[in-house]
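Peer 1: Protein chains in written order, with the numbering used here: chain F, 662 to 816; chain W, 493 to 1198.
Glycine is no exception: its CB is placed at the ideal position from the N, C-alpha and C atoms.
Values in this document were obtained by computation on a predicted structure and should not be read as measured data.
My structure is below; once you've seen it, I'll send some questions.
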Amino acid sequence: MRTVHTTVNGQRVVADVPDNTLLVDFLRSQLELTGTKESCGVGVCGACSVLLDGKPVSSCLTLAVFADGCTIETIEGMADDNKLHPLQEAFIRCGGFQCGICTPGQIMMAKALLEQHPRPTRMQIKQWMMGNLCRCTGYYKIIESIESAAEGTKS
Amino acid sequence: MTAQTQPSEFVGKAVERLDGPDKVTGRARYTADVFLPGMLIGRCLRSPYASARIVSIDTSKAKRVPGVFAILTGADVAGYRYGRVCRDIPILAQGVVRFVGEKVAAVAAETAEAADTALSLIRVEYEELPFVVDVHAALRDDAHRVHDQPPKVVGARLRNPGDLKMYPPLPNVISQLTLRHGNPAEAFAQADHQFQHTFNIPSVHQGYIEPHSCLIAASDDGDVDVWMSNKAPHGARAALAEALSIPKEKITLNPVFIGGDFGGKGGLMDAPLCYHLALHARRPVKMVMNSFEELTAANPRHAASITLTTALDRNARILAMKARMIFNSGAYAGFCPVPTIHGYTAFAGPYKVPNCDLEVLRVYTNAVPAGHMRSPGGPQITFAVESHLDMIARDLQLDPCRFRRDNAIAEGDLSPIGERRQFLHCRAVIDAAIREFGWDRPKGADVGRGIALYEYPPGTFDDSNVVMSIDGAAKVDVAVGAPDTGTGFHTIVAQLTAGELQLPLNDIRVAFRDTGASPFERGPSGSRLTTTIQQAIKAAVDAIKTALTTLAAERLGAREGDVRYRPDGLIEARGKSIDLKALMAWAEAAGKAPVVRHGKNTPTGRSDVTCFAAQIAEVGVDRETGQIRVNFMVTAHDVGQVINPITHQGQIEGGLVQAFGQTVCERLHFGDDGAVISATLGDYKLPTVMDIPDLTTILLPVPTAI
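Written out as structure tokens, the structure reads:
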């Protein structure tokens, strides 16, 4: 058991967690942030993607204690005072989701992408998003959503 | 509001989906996201053998693990067999195991760690038995019989053409369907060319990203609350009631989002076991399959062995086709909601085949039980037929597009299985695909091209219901009996309702609440839901309008026959008028709102309308590594009325990439011992965004009856 000091979606969180607790379980069970999903459990599908100090990680492969001293961003922190993030708006506008189970992970990964490359090429989008599986959309509308969000946020 | 149905500004418009805000913010709650006080985690121990007798099970050490509340073995759930049509699935193995991954024992504990520790301490002694995993071996007279006795069979109705025999006297055969149209023997005798090929098509997994999940709480007075990843809660409730021998009124399926279905989430999976764990532990129990269990022991698509024989005349016109289609059902048949594999009804559907002879066999083996997946049997049969036609065209030195076009079905032709259809736009679809693709343009080096056709009618079977109410603020609520599994079903219901009532979309709310508070709905299946619910919505709207007419007549002091609905939205009678909001406010004050009406649709018979798709792919190969890459595809479809272009295109793109995966990279691999060895998403290769081809979609707006 260790005490973990983190900032989750802008809020300070201090919690005692067992050493072997995974970040995905810490978020979902302990903090009740169930927007982050677990599917494959082996870091392949990307459904559990969250941002740790701004970098995307698979929370199913990350121990919660590794988040000590870090900021964590999850899907619950994307909207600002009920104003959706441009990526969230774009996913709705373009139909970048169907069943929605992979969507939180897709949006978190896309956020990291746009922070690195505000105007990504299609190949950059594919290279960043290749670790996020989606079985419903065939990916076309996810690409479109990210491109649309990038265009909308250009200065 | 208008008295007659008029084209709505909402029908055919790319409106945003109603579930968007919940799904992009993480608020959408799926089964695994539900936590109840005192909830335990359920896990199960699975068989390492494809076929064995269970000699003994010792749970004494496992019982001593702290935090363990229940341990069940087959003896605790003896006497139960469940399944859809074929009631052959035990809740836990009853003395024998029939596939690698079959559930043998189960534990409910406070943590997953405690449950897994307990499972590791259960000692099972097995005596291995002979086994069979290949369908051809399973059909031999001396084959190991996977089941000694045929199970109870319920509701083995065939709503399609053909003769069906359940459990005929053939080794390991679950069902045998035969269908003959015309005179195939005579046609083969007159043929100038004959070709025969056999195609072995592997099993694939549905690939939904949410694994099967369920959470069950059983109260002391017998009420059972269920949250589960099931596409059709009313059907699941009835099946669960039967499987558990409790009245269905005691069971409530609560609303949760479904994280992908693709046909795989229509059955009960772990729910009967979860209930028994909850009953024994006297605590709520949640079971979530991990991805290893999903890939090795859920209900994947059937592997198939399909032998096709085709007779042609000297002009390469198809005279007759024979098909023997053997589907590997694995160890249990109960995961299929139908007695046979319905894909046969679309057998060679794009073509004029005057004489046809089909046999469809479902066969038990000691492999993972097969279930349903998007167009069950369709991809296997289409892959076989289309590959077969390519091989014939190559042998006869014919262009594969023109060979298909020359044999395409046309208005007036019977389908290969002898059904009369209308609106047969097959050639127009082929031509559109050829034109868009530029079939005759020169090819680059190491590039191949191919075409395939597909035919599928809209599903018109089983009941759809809605309960529609309009309140004092003139807001409309539509209660439906199934969740939106991701297709956009609820948004489409809202669009159709807004269209019928000529109300703003924002005034319509659509919800599946729970099985107690919603009307029966068969759910998404066989491309039925948009078609069947449309008629239920129309019926409800008609009833609502009748009630509104009565209210308006009373409010305006007129006779009902004088009430008119004007295009500007006002309701008028004898020179006086009122808008809907004012009418409903008055009705509420008078104690006459909300107005609640029920709409039901019971379809009668198979649709005689069908649709076609033609797809052309350009594929590059790296000659050094052998890697192939699908560079570019054109997909052309004849469509009726598109209700929402976003969700419509989403179905095409999602379906196309699933088919791409099945063709190019997905396959459940079996070891010699019958175990699935592609057991993680690292080994089972789902398509990623890097793999998808450039895609152009052509929609041919053609008149149909729908």
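So I804(F) and R783(F) are supposed to be a Cβ contact under 8 angstroms. How far apart are they, rounded?
Peer 2: Along the first sequence, read from residue 1 onward, the residue named residue 804(F) stands at position 143. Along the first sequence, read from residue 1 onward, the residue named residue 783(F) stands at position 122. Between R783(F) and I804(F) the Cβ distance is about 7 angstroms, and since that is below 8 angstroms, they are a contact.
Peer 1: Can you say whether S956(W) is buried or exposed, counting buried as having 16 or more other CB atoms within 10 angstroms of its CB?
Peer 2: Reading the second sequence from its first residue, position 464 is the one you call residue 956(W). Looking at its Cβ environment, which holds 16 or more other Cβ atoms inside 10 Å, S956(W) is buried.
Peer 1: When the Cα atoms are used, what is the spatial distance from Y574(W) to S737(W)?
Peer 2: Mapped onto the second sequence, residue 574(W) falls at position 82. Mapped onto the second sequence, residue 737(W) falls at position 245. For Y574(W) and S737(W), the distance between alpha carbons rounds to 10 angstroms.
Peer 1: If you pair each beta-carbon of the stretch 699 to 707 of chain W with each one of the stretch 777 to 784 of chain W, do three or more pairs fall below 8 angstroms?
Peer 2: Yes, the stretch 699 to 707 of chain W touches the stretch 777 to 784 of chain W.
Peer 1: What is the DSSP secondary structure of S705(W), counted as helix, strand or coil?
Peer 2: Within the second sequence, residue 705(W) is the residue found at index 213, counting from 1. Three-state DSSP puts S705(W) in a strand.
Peer 1: Taking Cβ-Cβ distances below 8 angstroms as the criterion, which residues of the stretch 723 to 740 of chain F are in contact with chain W?
Peer 2: The stretch 723 to 740 of chain F vs chain W, Cβ under 8 angstroms: T735, I736, E737, M739 and A740.
Peer 1: With DSSP as the reference, label L1191(W) as helix, strand or coil.
Peer 2: The residue you call residue 1191(W) lines up with position 699 of the second sequence. Residue state, collapsed to three classes: strand.
Peer 1: Taking the continuous alpha helix (DSSP H) assigned at E776(F), which residues delimit it?
Peer 2: Walking along the first sequence from the start, residue 776(F) turns up at place 115. T764 to Q777 is the span of the alpha helix (DSSP H), which, as asked, contains E776(F).
Peer 1: Does the beta carbon of K778(W) sit closer than 7 angstroms to a beta carbon anywhere in chain B?
Peer 2: The chain labelled as chain B is not found among the protein chains of the depicted structure, namely F and W.
Peer 1: Kindly list the residues whose CB is nearer than 7 angstroms to the CB of V627(W), restricted to its own chain and excluding five residues on each side of it in sequence; keep chain order.
Peer 2: Indexing the second sequence from 1 puts residue 627(W) at position 135. Counting only Cβ-Cβ distances below 7 angstroms, and skipping sequence neighbours, we find S797, I818, N820, V855 and T857.
Peer 1: Quickly, what does DSSP pair D805(W) with across the bridge? List them, please.
Peer 2: Here residue 805(W) refers to the residue found at position 313 of the second sequence. None; D805(W) has no bridge partner.
Peer 1: Taking buried to mean at least 16 other C-beta atoms within 10 Å of its own C-beta, is M662(F) buried or exposed?
Peer 2: Mapped onto the first sequence, residue 662(F) falls at position 1. With fewer than 16 other Cβ atoms within 10 Å, it is exposed.
Peer 1: So M720(W) is in the beta strand (DSSP E); what residue range does that whole segment cover?
Peer 2: As a first step, residue 720(W) must be located in the second sequence, where it is residue number 228. Run containing M720(W): V716 to M720, per the beta strand (DSSP E) assignment.
Peer 1: So R809(W) packs on N899(W), CB below 8 angstroms; how close in whole Å?
Peer 2: Numbered from its first residue, the second sequence carries residue 809(W) at position 317. Numbered from its first residue, the second sequence carries residue 899(W) at position 407. 6 angstroms between Cβ atoms; contact.
Peer 1: Please give the ranges of any beta strand (DSSP E) in the stretch 545 to 613 of chain W, keeping only runs that are unbroken, at least 3 residues long and fully inside the region.
Peer 2: Listed in chain order, the complete beta strand (DSSP E) runs (minimum 3 residues) inside the stretch 545 to 613 of chain W are 560 to 565 and 595 to 601.
Peer 1: Between the stretch 586 to 593 of chain W and the stretch 756 to 772 of chain W, can you find at least three pairs of beta-carbon atoms closer than 8 angstroms?
Peer 2: Output reads no: the stretch 586 to 593 of chain W does not touch the stretch 756 to 772 of chain W.
Peer 1: Determine the contact status of Y522(W) and G751(W), defining contact as a CB-CB distance below 7 angstroms.
Peer 2: Position 30 of the second sequence holds residue 522(W). Position 259 of the second sequence holds residue 751(W). Cβ atoms of Y522(W) and G751(W): closer than 7 angstroms.
Peer 1: Taking only beta-carbon atoms, is T446(W) less than 7 angstroms away from chain F?
Peer 2: In the structure displayed, chain W extends from 493 to 1198; residue 446(W) sits before or after that span and is not available.
Peer 1: Cα separation between A598(W) and W789(F)?
Peer 2: As a position in the second sequence, residue 598(W) is number 106, starting the count at 1. As a position in the first sequence, residue 789(F) is number 128, starting the count at 1. Spanning the two alpha carbons is a distance of roughly 40 angstroms.
Peer 1: If distances are taken between C-alpha atoms only, which option among V1181(W), K1177(W) and A1171(W) comes closest to A789(W)?
Peer 2: By one-based count along the second sequence, residue 789(W) stands at place 297. Comparing Cα positions, the closest option is A1171(W).
Peer 1: Closest to N664(W) by CA distance: which of P642(W), A937(W) and E1046(W) is it?
Peer 2: Position 172 of the second sequence, counted from the first residue, corresponds to residue 664(W). Taking only the C-alpha atoms, the option nearest N664(W) is P642(W).
Peer 1: Along the chain, where does the alpha helix (DSSP H) that runs through I1025(W) open and close?
Peer 2: Against the second sequence, residue 1025(W) aligns to sequence position 533. Note, I1025(W): alpha helix (DSSP H), L1021 to L1048.
Peer 1: Going by DSSP in three states, C848(W) sits in which element: helix, strand or coil?
Peer 2: Looking up residue 848(W) in the second sequence gives position 356. Here C848(W) sits in strand by DSSP.
Peer 1: Taking E992(W) as part of the alpha helix (DSSP H), name the residues at either end of that continuous run.
Peer 2: Here residue 992(W) refers to the residue found at position 500 of the second sequence. Counting along the chain, the alpha helix (DSSP H) containing E992(W) begins and ends at F981 to L993.
Peer 1: Taking 7 angstroms as the cut-off, decide whether the C-beta atoms of L1082(W) and M1076(W) are in contact.
Peer 2: Translated into positions along the second sequence, residue 1082(W) becomes position 590. Translated into positions along the second sequence, residue 1076(W) becomes position 584. Sequence check: residue 1082(W) is Ala here, not Leu. No, Cβ-Cβ distance for A1082(W) and M1076(W) is not below 7 angstroms.
Peer 1: Can you find a C-beta in chain F that's less than 7 angstroms from the C-beta of E1080(W)?
Peer 2: Locating residue 1080(W) in the second sequence gives position 588, where the first residue counts as 1. False, the Cβ-Cβ gap to chain F never drops below 7 angstroms.
Peer 1: When you compare the CB of C797(F) with every CB in chain W, is at least one pair closer than 7 angstroms?
Peer 2: Position 136 of the first sequence, counted from the first residue, corresponds to residue 797(F). Yes, C797(F) counts as interfacial toward chain W.
Peer 1: Which residue comes first and which comes last in the beta strand (DSSP E) that contains N957(W)?
Peer 2: As a working mapping, residue 957(W) is identified with position 465 in the second sequence. Per DSSP, N957(W) belongs to the beta strand (DSSP E) from S956 to I962.
Peer 1: From Y1057(W), V970(W), A862(W) and P747(W), pick the residue whose C-alpha is nearest to that of A795(W); which is it?
Peer 2: Counting from one through the second sequence, the residue named residue 795(W) turns up at place 303. Among Y1057(W), V970(W), A862(W) and P747(W), the Cα nearest to that of A795(W) belongs to A862(W).
Peer 1: When burial is assigned at 16 or more other CB atoms within 10 Å of the CB, is S548(W) buried or exposed?
Peer 2: On the second sequence, position 56 is the one that residue 548(W) refers to. Exposed: under 16 other Cβ atoms inside 10 Å.
Peer 1: Alpha carbons only, please: which of P1185(W), C1103(W), S539(W) and S667(W) is nearest the one belonging to L1191(W)?
Peer 2: Within the second sequence, the letter at position 699 stands for residue 1191(W). The residue with the shortest Cα to Cα distance from L1191(W) is C1103(W).
Peer 1: Using a Cβ cut-off of 7 angstroms (strictly closer), state whether T494(W) contacts chain F.
Peer 2: Here residue 494(W) corresponds to residue number 2 of the second sequence, with the count starting at 1. Interpretation of T494(W) is limited by its pLDDT of 34, a score under 50 that renders its predicted location unreliable; no figure is taken from the coordinates.
Peer 1: Using 10 angstroms around the beta-carbon of L745(W), count the other beta-carbons present and answer buried if the total reaches 16, otherwise exposed.
Peer 2: The sequence position of residue 745(W) within the second sequence is 253, counting from 1. It counts as buried.
Peer 1: Taking contact to mean 3 or more Cβ pairs, one atom from each stretch, closer than 8 angstroms, check whether the stretch 523 to 536 of chain W and the stretch 606 to 617 of chain W are in contact.
Peer 2: Touching, yes.
Peer 1: Any idea what DSSP makes of Y824(W), helix, strand or coil?
Peer 2: Sequence index remark: in the second sequence, residue 824(W) carries index 332 (1-based). Residue state, collapsed to three classes: coil.
Peer 1: Give me the subset of the stretch 679 to 710 of chain W whose CB atoms are less than 7 angstroms from a CB atom of chain F, sorted by chain position.
Peer 2: Residues passing the 7 angstroms Cβ filter: G699, Y700, I701, E702 and P703.
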